[in-house]
Structure formats: structure tokens, C-alpha cells
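Be aware that the sequence shown starts at 1, since it is given in UniProt numbering, and climbs by one per residue. Each residue gets a CB set at the ideal place from its N, CA and C atoms; glycine is no exception. Computed from a predicted model, the values in this text were never measured in an experiment. Please read the structure below before turning to the comments.
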Amino acid sequence: MMEEEKKNNILESTTITYDNETDIDPAPSYIEHTNTDGPEPTEEEWAQLPEVSDTIPKAAFLVILIEFCERFTYYGLSGPFQNYIQNPDPGSYPAATPGAMGKGQQTATSLTTFFQFWCYITPVFGAIVADQFWGKYKTILVFSIIYLIGLFILTLTSIPAGIASGAAFPGFIVAIIILGLATGGIKANVSPLVAEQYRSKSAYVKTLKNGNRVIVTPQATYQKIFNYFYWGINIGSLSAIATTELEKNVGFWPAYLMPTLMYIPCIIVVILGRKHYVQNPPRGSVFVEAGRLFLLAFKTKSLEACKPSNLNRERPELAEKCTWDDVFVDELKRTMKACIVFCWFPIYWLCYAQMTNNLVSMAGTMLTGNVPNDIMQNIDPIALIILIPLMDRFFYPLLRKFNMPMRPIARITCGFFFAAAAMGYTAGIQAKVYASPPYYDDPQGRQNWISAAYLIPSYVLIAISEIFGSITGMELAYKKAPQSMKSIVMALFLLTNCFASILAFALVSVTVDPKLVWMYTGICAAMFICTILFYICHHKLDDTDAAEDAIQRDVVLGNKQTALDEEEAVVEYEAEKNI
1 MMEEEKKNNI LESTTITYDN ETDIDPAPSY IEHTNTDGPE PTEEEWAQLP
51 EVSDTIPKAA FLVILIEFCE RFTYYGLSGP FQNYIQNPDP GSYPAATPGA
101 MGKGQQTATS LTTFFQFWCY ITPVFGAIVA DQFWGKYKTI LVFSIIYLIG
151 LFILTLTSIP AGIASGAAFP GFIVAIIILG LATGGIKANV SPLVAEQYRS
201 KSAYVKTLKN GNRVIVTPQA TYQKIFNYFY WGINIGSLSA IATTELEKNV
251 GFWPAYLMPT LMYIPCIIVV ILGRKHYVQN PPRGSVFVEA GRLFLLAFKT
301 KSLEACKPSN LNRERPELAE KCTWDDVFVD ELKRTMKACI VFCWFPIYWL
351 CYAQMTNNLV SMAGTMLTGN VPNDIMQNID PIALIILIPL MDRFFYPLLR
401 KFNMPMRPIA RITCGFFFAA AAMGYTAGIQ AKVYASPPYY DDPQGRQNWI
451 SAAYLIPSYV LIAISEIFGS ITGMELAYKK APQSMKSIVM ALFLLTNCFA
501 SILAFALVSV TVDPKLVWMY TGICAAMFIC TILFYICHHK LDDTDAAEDA
551 IQRDVVLGNK QTALDEEEAV VEYEAEKNI
């Protein structure tokens, strides 16, 4: 009873009541919605009943369909880029080496690398537009139309007449700039939008048809939503198999026409589903407020000191200039905490990036039979398509059944570990390639007598790491971000890919034979060290996550909505428990 009284006192002391209903954010992440699906679980039920996910709303599946179409288009058109730029036009098809521009490998690699950079920088712009001006739905719709314009430019300039007239190169430059900008507007907003379709914020007890009782929780539901979302991404990524075959046997214009036609249903789904989507309005001047707040924090040496409630007592002359409230300060603190976790992801993405470049090159020095070596990278999405449903339906529910749910930091740590394992295994296979005849450690793109099937575990290990690491990263970005900043926090998570590319550039000098064994070994060691340090630095966030859930179970709303300062309540509650 004493613990309950302390916890209630903490909640009461950190609750802000709005006197004017117009001051309430339409759907802030810290507001607990009254549940009408079933009774709220008691403490005894929390200890005894397993946690399960809720039914995913139909609108969420529509958003997943949008992401599938967009990723189908993205991977389908980017798959042939290297050959399109590097090799000259063969004149007729089928062609052993398809091409169009004949600009060489260096130009091709530079442009494709720029495109990847551009696609991961522009989400920041797309997030600002959504969070401050248009909202997620309108931003996705407008940038989808821009995306289609870029697709038409790329397709039309890739026809034989366009290639012969020299329009292919300038058309490609214009197209990738437009496509990269549009990709950013969509990527930053589609994953928060899919999670927003689930509106319940409180757990409830449900009796299944077999008579068993379970607790339906938002945490398990968000995990399931992002699993399905990532599943849709990887189904779409298989389009590269079809477009690379089309470029080889027919030409580039049909290879680009197919993803262009596939994107039209994406826009149709966006428009027709408008009335079904849950849409949260933009906050407005959130970034201006954040800038002013950080400037003031620099002067006061603390974000906490910038709360109007504190300024009124200590610096009343500054309080008059505040355009924010205490809750906004706490939102920024939560955002910064999530961003600190993201700082560890560049090393992880560096491991992931090996799958699409160096592992493909390694496969080219191994026996692949009649299978092109660049097809090997599709093992990763195929593994994910198989493993994600298995994890969602069996592994995670089994852990929850025994009251052992994997919290976000634990899952990310596992993801980092499997990424390190993938690099360690790959280093071993590279050593076997160098030990195999006839070219040993100087294959120079020629095939040694060792099967490329040895690389399959590398791709599977990376796929497993994505389930634990990448999916959970998106989930964490959504859950920890305040409602007014969900797109920008997601964009910052995606931005970590750019830093991985910078690290990859730094390793270019060792991505040659016979240094590749040491490169993979070095990446493995770096990832393993990061895994240990990451868990040491952040494992307490899982305890905080559990404490937030415990506190939210005790929040009871009246007719007036209230906003809870979760950050201080969790810290104080944990401190009180340890007394």
C-alpha cells in the first residue's frame, strides 16, 4: 500500500490539467485514452496473464500497402542503375552486359552513392514539412505525385531514342534528384503514419474463444505493426530480381516502366484511403520553438531550467518570452534520449551495407552456376519474408507467455550481436576463398573453386539482425518521440545510414584483395565492441520502459484529458522503489 500511495503522489504531482479544451493536442503520445474494449488488468492479472497484440486496424494495412508499392518501385528502379550508367549501349538485346551511357565504373559508383545519400538526407526535409506544415498524409500524397514525375522522366529518357540522342544522362540526373526528394518526403512519414492507425493507448483483459484470458497491450501491438511494415518492405524489394532480368533481356525502358506502373496503385491507395486514415494535424511552430528553447538552454545550462514553471520562479523576465510549456520541454528531452540511442546505428548499417556491395563482389569470385552474383543479395529479403511471421507468431508470443517480453534495448542489442556474427562468419568465408584455387588471394573478379552457397548464412544472419535491430529502431523512434515530432525523429533515425556511408568511404582503401579478410574482421570487432558498450550504456532504458508501462497502468482519466510528465514520474518512481 505504501508503494501505491507513493506512486499516486508522484502521478498527482506531475499531472497538468488543461482548463481550455482547445489547448489540448489532438492525440499527444502522453495522453492515455479511455479503453472500451475490456476491463483494465489488475496487478495480479499483470503478473499472471500473458501479453498479446491487438488486432491491427485495416487502415494500417493500407499504409503497409503504400510502403510495399513505394519500396517495389525504389528497389526495382535502383537495381539496374549501375549497369545503366557504367556500360555502353550494346545495340541489341538480350545482352551479356546491358548498358546505356558508358560513363564508366567510377561515375556510376559516384552517382549511385549520391542517390543513396540523397535518399537518406531528404527525410529530414520531409519530416519538417509534415510535422510543422502539412501533416503526414498530405506530405505523403504530394511527394508521391512528385515521385511519379521523376519516374516518368527516368522511363522516357531510357527509351532507345532517348539513349541515342544523349538524353539519358541529363534525364537520369534530373530524375534521381526528384526521386530522392520524393523518397525523403515519404520515408520520414509513412512509418509513423502506420503506427498512428492504432489508437488504443491502454491495456485490457480479453477472453479468447478457448476460454484463456490474456492482456492486450499497445506495446505488443506496435511491435507487430512494425514487423508487418518491415515485411511489406522486403516483399517489395524483390522487384530488383525482375528488373535486372528485364534490363538484360529486353532493355532499360521496360525495367523502369514496370516500377513506374506499380507506383500508380500506390497513389490510388493514398487517395482512396483518405477517409480511413487516422490523421494527426501538424503542431505548427515546433521547430522555431525548439530552436529558441535550445538557445535558452545554452544560457541556463539546463533544459529543465527552461520550463516556464521554473523560469517563473527564478527568471521571470525570461518566462515572459516563452512560447512553450513544461510538457514541450519534456518532449524534447525524450527526443534527445531516443537520438542518443540512434548514435550507435552507423556501425550497424555499415555491417548491413556489406550485403549490397562487398558480399556481391565476393560472390563474383565464387562458383554461382547459372545464377548471377548480384542475385545473391535477395537472400536477405527472402529470409526476412520467412522469418518475420515466425518471430511474430511464435518467438515473441512465447516470451510474453512466460512474462519475459524483450524490451527495445535488449532487442537492439541482439540485432547488433547478429550483425557482428554475420561479419565474423563472412571473414571466415573470405579466408576460405583466398585458400581456394586457382587464383587464391588474388582472384581479381575471377572465380575460385568454392561455392557461393557458403554466403547464404551471412545473409540470413543479417536478416535476423534486422528483425531485432532495424525494426526495433523504427519502433523506438515512434514510441519515444512526442506526437509533434514523430516524423523528424524517424528521419533522424534514417539519417544514421548516411554516417554509415561515410564510414564505408573510409574503408575503400582496404576493400581490395587480399585485404578483405582483415576488413571483415575489423568490422566484426567494431560491431561486437559497440554491442557491449551499447548495452552497458542503455540497458537501464528497458527498466524505464517497463516503469513507464507500470505508471501508465495507474493513470485514470476523468472527463478532462490530462497530460503526464512521464520522464520525471518514471525517474522518481524508480528512486522511491529503491528506498
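Under 7 Å between the Cβ atoms of residue i and residue j?
| i | j | result |
| --- | --- | --- |
| residue 362 | residue 377 | no |
| residue 180 | residue 231 | no |
| residue 326 | residue 302 | no |
| residue 501 | residue 188 | no |
| residue 350 | residue 476 | no |
| residue 168 | residue 150 | no |
| residue 148 | residue 263 | yes |
| residue 360 | residue 380 | no |
| residue 191 | residue 474 | yes |
| residue 158 | residue 74 | no |
| residue 39 | residue 288 | no |
| residue 533 | residue 447 | no |
| residue 392 | residue 227 | yes |
| residue 182 | residue 146 | yes |
| residue 282 | residue 133 | yes |
| residue 291 | residue 71 | no |
| residue 60 | residue 225 | yes |
| residue 130 | residue 122 | no |
| residue 273 | residue 62 | yes |
| residue 234 | residue 385 | yes |
| residue 221 | residue 330 | no |
| residue 50 | residue 479 | no |
Can you name the start and end residues of the beta strand (DSSP E) that residue i belongs to?
| i | result |
| --- | --- |
| residue 213 | 213 to 216 |
Kindly indicate which three-state DSSP category residue i falls into: helix, strand or coil?
| i | result |
| --- | --- |
| residue 22 | A caution first: residue 22 carries a pLDDT of 34, below 50, which makes its placement in the model too unreliable to give a value. |
| residue 49 | coil |
| residue 205 | strand |
| residue 451 | strand |
| residue 88 | strand |
| residue 311 | helix |
| residue 435 | coil |
| residue 490 | helix |
| residue 100 | strand |
| residue 390 | helix |
| residue 580 | Nothing about residue 580 can be reported from this structure: the residues present for the chain run from 1 to 579 only. |
| residue 460 | helix |
| residue 498 | helix |
| residue 474 | helix |
| residue 27 | Note on residue 27: pLDDT 35, under 50, position unreliable in the model; the coordinate value appears next. Here residue 27 sits in coil by DSSP. |
| residue 55 | coil |
| residue 482 | coil |
| residue 362 | helix |
| residue 40 | coil |
| residue 558 | Reliability fails at residue 558, whose pLDDT of 38 lies under 50, so the model's placement of it is uncertain and no value is given. |
| residue 268 | helix |
| residue 423 | helix |
| residue 441 | coil |
| residue 446 | coil |
| residue 278 | coil |
| residue 411 | helix |
Please look up how many angstroms separate the CB atoms of residue i and residue j, rounded, as I've assumed it's under 8 Å.
| i | j | result |
| --- | --- | --- |
| residue 270 | residue 229 | Contact flag wrong, Cβ pair sits at about 16 Å. |
| residue 335 | residue 489 | 6 Å |
| residue 208 | residue 214 | 6 Å |
Name the two residues that bound the continuous alpha helix (DSSP H) containing residue i.
| i | result |
| --- | --- |
| residue 518 | 516 to 538 |
| residue 68 | 58 to 78 |
| residue 192 | 168 to 196 |
| residue 645 | Absent from the structure is residue 645, since the part of the chain shown begins at 1 and ends at 579. |
| residue 138 | 136 to 156 |
| residue 316 | 316 to 319 |
| residue 93 | Per DSSP, residue 93 belongs to no alpha helix (DSSP H) and is neither H nor E. |
| residue 400 | 396 to 401 |
| residue 124 | 105 to 128 |
| residue 305 | From DSSP, residue 305 is part of no alpha helix (DSSP H); its letter is neither H nor E. |
| residue 292 | 286 to 300 |
| residue 373 | Segment: none, residue 373 is in no alpha helix (DSSP H) and carries neither H nor E. |
| residue 582 | Summary: the structure shown does not reach residue 582, with the chain confined to residues 1 through 579, and so no result is reported for it. |
| residue 160 | 160 to 165 |
| residue 356 | Careful: residue 356 lies outside any alpha helix (DSSP H) and carries neither H nor E. |
| residue 244 | 239 to 249 |
Within 7 Å (strictly less), CB to CB, does residue i reach chain B?
| i | result |
| --- | --- |
| residue 156 | Checking the listed chains, one finds no chain B in this structure; it contains a single protein chain. |
Could you tell me whether the region 418 to 435 touches the region 454 to 474, using the rule of 3 or more Cβ pairs below 8 Å?
yes
Cβ contact (3+ pairs, closer than 8 Å) linking the region 508 to 525 and the region 428 to 435
yes
At a cut of 8 Å, does the region 155 to 173 reach the region 87 to 105 through at least three beta carbon pairs?
yes
The region 448 to 458 contacting the region 523 to 542, beta-carbon criterion three pairs below 8 Å
no
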